[in-house]
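Using full-length UniProt numbering, the first residue of the sequence shown is number 1, and each one after it goes up by one. We put the CB at the ideal spot given by N, CA and C, even for glycine. Encoded as structure tokens, the structure appears first; notes follow it.
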Amino acid sequence: MLLTLLSFALLLSPSACEIIFEERFEDGWESRWVKSDWKKSEGKAGYFKHTSGNWAGDPDDKGILLIPLVKLRLPYFFGKLPGIQTYPDARHFAISAKISEFSNKNRTLVLQYSIKFEQDIECGGGYIKLLSGYVNQKKFSGDTPYSLMFGPDICGAQTKKLHLIYSYQGQNYPMKKDLQCETDKLTHFYTFILRPDASYSILVDNREKESGNLYSDWDILPPRKIKEVNAKKPADWDDREYIDDPNDVKPEGYDSIPAEIPNPKSKKPDTWDEDEEGLWKPPKIPNPAYKGAWKPKRIKNPNYKGKWRIPWIDNPDGKTDGTYGIVLHGEMHFPLSNSMHKLTFYPHLTEFEDDPDLYVLKPVKYVAIEVWQVKAGSVFDNILVCDDPEYAKQIVEEIWTKNREAEKEAFEEAEKIRKAKEEQEAQRAREEGERRKRERGYDRHHHRERDRYREKYRRRDRHFDDYHDEL
1 MLLTLLSFAL LLSPSACEII FEERFEDGWE SRWVKSDWKK SEGKAGYFKH
51 TSGNWAGDPD DKGILLIPLV KLRLPYFFGK LPGIQTYPDA RHFAISAKIS
101 EFSNKNRTLV LQYSIKFEQD IECGGGYIKL LSGYVNQKKF SGDTPYSLMF
151 GPDICGAQTK KLHLIYSYQG QNYPMKKDLQ CETDKLTHFY TFILRPDASY
201 SILVDNREKE SGNLYSDWDI LPPRKIKEVN AKKPADWDDR EYIDDPNDVK
251 PEGYDSIPAE IPNPKSKKPD TWDEDEEGLW KPPKIPNPAY KGAWKPKRIK
301 NPNYKGKWRI PWIDNPDGKT DGTYGIVLHG EMHFPLSNSM HKLTFYPHLT
351 EFEDDPDLYV LKPVKYVAIE VWQVKAGSVF DNILVCDDPE YAKQIVEEIW
401 TKNREAEKEA FEEAEKIRKA KEEQEAQRAR EEGERRKRER GYDRHHHRER
451 DRYREKYRRR DRHFDDYHDE L
């Protein structure tokens, strides 16, 4: 067994990879992590249990096996120890680990971890954070600045978001793309890869879910082009695609055509009495010659310029050459004369510089979990910060890919047990209800018999009273 574990360790430790932080939550994990006192005085601070959960092995043996022995198919050598699970419900959870300070300048950053939502979470987070600068870990809270936040956030049926919030110059910027997280009750790995060219990839269970770059998928830097806020549609701008044909003339007598005419096929009934019913008039029918109100024909507008749109101009926040111009129909015109002083001037943009270090986080010193959950029970595990995507990929292969079917089987077995238990409880409740119903029925019968007995003797007493009166 030891030889096998060493073989795995050698396989997954390429010399080129720098592992900045890796946490499997083995025994002694509490010495590496600091639980915050945030919300403790209010009684709203949550805790973390050292467990693999309800369907990842027996919590009493610390999750040595992924599933019970009777169900075991695959050995769970790597990452066999438990993670940390949130408890109890309706609490804030805050915990952090200090790591060796590192910078991702000129190298790839990989942030990866696994999470399992065993509970019906309803509303709550499951993300982790990277923190920079000095942090008082005992006071770490939701207000503590962070450099990166990554992971699921679920609230009801509408919000099942995969967050990726990037901090730049003290401001937090959420990703513009809307990504969905996994919502079942099984373990899933989330991986974020950020490269020196500012490109990124997001993987879920080793499958790429999204990719792009920081410049286009976050509104961090000012845009190269902006809309001309003072622009107005020119008075001579014709945006009518079709117009009335000026050569089309209404025919003479067109307006005198009636909409209805007497039905020529109608005949006066033989029984019609004009003295009593008046002059007979044939019923009217729609006039086939009537074409409605006259409208000229529609033709293509020869002066049509298309739909007018607010023009885009170079962003004045870019680099300029010191000259100014005006914008006409989206184009810069210069130089200017003094007679144009009433127009809006825009700086002439010669170059728009991207920040080449946009991808560089402030030196990271902490890995942290800070979430709020209505229902607790999420298991965090296998946290990794490194510079090699291949190493992170191998971790997922060895922990998740090889064992996902076994975990699914264990979950299904746990669901069977849970449903059987619920059915037993429901059956007991039904039996208890029937018992109480019978008792109520017995009581009603007993009361009816008692009342009948009393009424019988009341009638007899009245009979004897009448007899004594006669005496």
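Beta-bridge pairing by DSSP links A157 to no other residue. Distance between V396 and D219, taken at the CA atoms: about 31 Å. The alpha carbon of L130 has as its nearest neighbour, out of V249, Q158, R195, I95, the alpha carbon of I95. Excluding the 5 residues flanking it on each side, N106 has same chain C-beta neighbours closer than 8 Å at P196, in chain order. For K300, the closest alpha carbon among the candidates W55, D238, R436, I193 is that of D238.
At least 8 Å separates the beta-carbon of F25 from that of P88. When I154, Y304, F102, K40 are compared, the shortest CA-CA separation from E241 is found for Y304. In the pairwise beta carbon analysis, the region 356-366 is classified as not touching the region 36-45: fewer than three pairs are separated by under 8 Å. DSSP places A410 in the helix class (H, G or I) of the three-state scheme. In this structure, the beta-carbon distance from N287 to I261 falls below 8 Å. The shortest C-alpha to C-alpha distance from G133 to any of Y113, G170, D120 is the one to G170. Using a Cβ distance threshold of 8 Å, E122 and G53 do not count as a contacting pair. Contact check between the region 170-179 and the region 386-400: fewer than three CB pairs, one atom from each, fall below 8 Å, which does not count as touching. Looking only at F192, K268, Q85, the smallest Cα-Cα distance to K281 is reached by K268.
Spatial neighbours of D387 in its own chain (CB-CB distance under 6 Å, excluding positions within 5 residues in sequence) are listed in chain order as E18, R107, T108. Assigned with DSSP and collapsed to three states, P389 falls in helix. As for any beta strand (DSSP E) of minimum length 3 sitting wholly inside the region 151-239, the runs are 159-168, 171-174, 187-194, 199-204, 207-213, 225-227, ordered along the chain. Collapsing the DSSP output to three states places A426 in a helix. Taking I99 as reference, the option from E277, A157, F21 with the minimal CA-CA separation is F21.
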